[in-house]
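J.:
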Amino acid sequence: MTQEPDNTDRPRIHGNDREIIEDALRLLADLDDTPQDQMTPLYYQHAFEELRMVVDDLLRILGQNPSE
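First residue of the sequence shown? That's 1 in the working numbering, and the numbers climb one at a time after it.
(1) What three-state label does DSSP hand Met-53 in the structure shown?
(2) Does DSSP put Leu-58 in a helix, a strand or coil?
(3) Is Met-39 close to the ligand ZN? I mean its beta-carbon at under 7 Å from any heavy atom of the ligand.
(4) I need the boundaries of the alpha helix (DSSP H) containing Asp-30, first residue and last residue.
(5) Counting Cβ pairs, one atom from each stretch, are 3 or more of them under 8 Å apart for the region 40-55 and the region 23-31?
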(Lines of atoms letter the chains of each structure in order from A and count residues from 1; the text may use other names and numbers.)
(Lines give C-alpha, C1' and ligand atoms only; values in the text may rest on other atoms or scores of the structure.)
Protein backbone atom coordinates (compact mmCIF):
# COMPACT_ATOMS: atom_id res chain seq x y z
CA MET A 1 0.00 0.00 0.00
CA THR A 2 1.24 3.50 -0.82
CA GLN A 3 1.95 5.75 2.13
CA GLU A 4 0.44 9.19 2.27
CA PRO A 5 2.73 12.19 2.57
CA ASP A 6 2.86 13.63 6.08
CA ASN A 7 2.33 17.18 4.84
CA THR A 8 -1.32 16.97 3.77
CA ASP A 9 -3.07 20.18 4.73
CA ARG A 10 -6.60 19.02 4.02
CA PRO A 11 -8.44 16.21 5.77
CA ARG A 12 -9.07 13.00 3.88
CA ILE A 13 -12.50 12.79 2.31
CA HIS A 14 -12.56 9.02 1.99
CA GLY A 15 -10.98 6.09 3.83
CA ASN A 16 -8.08 3.93 2.71
CA ASP A 17 -6.52 3.80 -0.76
CA ARG A 18 -8.74 0.97 -1.95
CA GLU A 19 -11.90 2.81 -0.86
CA ILE A 20 -10.75 5.96 -2.66
CA ILE A 21 -10.18 4.04 -5.90
CA GLU A 22 -13.53 2.26 -5.55
CA ASP A 23 -15.26 5.61 -4.94
CA ALA A 24 -13.63 7.08 -8.05
CA LEU A 25 -14.77 4.13 -10.17
CA ARG A 26 -18.29 4.31 -8.71
CA LEU A 27 -18.48 8.05 -9.36
CA LEU A 28 -17.44 7.63 -12.99
CA ALA A 29 -19.99 4.84 -13.46
CA ASP A 30 -22.71 6.99 -11.87
CA LEU A 31 -21.85 9.90 -14.16
CA ASP A 32 -21.92 7.62 -17.21
CA ASP A 33 -25.32 6.23 -16.18
CA THR A 34 -27.00 9.62 -15.71
CA PRO A 35 -29.81 10.21 -18.20
CA GLN A 36 -29.44 13.34 -20.35
CA ASP A 37 -32.64 14.88 -19.02
CA GLN A 38 -31.09 14.94 -15.51
CA MET A 39 -27.92 16.76 -16.61
CA THR A 40 -28.82 20.21 -15.29
CA PRO A 41 -26.40 22.99 -14.33
CA LEU A 42 -26.78 21.91 -10.70
CA TYR A 43 -25.90 18.34 -11.70
CA TYR A 44 -22.70 19.52 -13.39
CA GLN A 45 -21.76 21.71 -10.42
CA HIS A 46 -22.25 18.83 -8.00
CA ALA A 47 -20.44 16.35 -10.29
CA PHE A 48 -17.49 18.71 -10.63
CA GLU A 49 -17.14 19.04 -6.85
CA GLU A 50 -17.30 15.27 -6.34
CA LEU A 51 -14.72 14.71 -9.08
CA ARG A 52 -12.43 17.36 -7.61
CA MET A 53 -12.54 15.73 -4.17
CA VAL A 54 -11.84 12.23 -5.47
CA VAL A 55 -9.03 13.46 -7.74
CA ASP A 56 -7.46 15.22 -4.73
CA ASP A 57 -7.54 11.92 -2.85
CA LEU A 58 -6.13 10.01 -5.84
CA LEU A 59 -3.29 12.52 -6.11
CA ARG A 60 -2.52 12.03 -2.42
CA ILE A 61 -2.30 8.26 -3.05
CA LEU A 62 0.30 9.06 -5.71
CA GLY A 63 2.28 11.16 -3.27
CA GLN A 64 1.26 14.57 -4.58
CA ASN A 65 -0.19 17.39 -2.51
CA PRO A 66 -3.10 18.87 -4.53
CA SER A 67 -3.11 22.10 -2.52
CA GLU A 68 0.42 23.06 -3.64
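Glycine is no exception: its CB is placed at the ideal position from the N, C-alpha and C atoms.
Owing to the predicted nature of the structure, the values given are computational and were not obtained by experimental measurement.
T.: Short version:
(1) Indexing the sequence shown from 1 puts residue 53 at position 53. Helix at Met-53.
(2) Residue numbering aside, residue 58 sits at position 58 when the sequence shown is read from its first letter. Residue state, collapsed to three classes: helix.
(3) Ligands displayed in this structure: none; no statement on the ligand ZN is therefore possible.
(4) Taking the first residue of the sequence shown as 1, we reach residue 30 at position 30. Residues 17-32.
(5) By the Cβ rule, the region 40-55 counts as touching the region 23-31, because three or more pairs are nearer than 8 Å.
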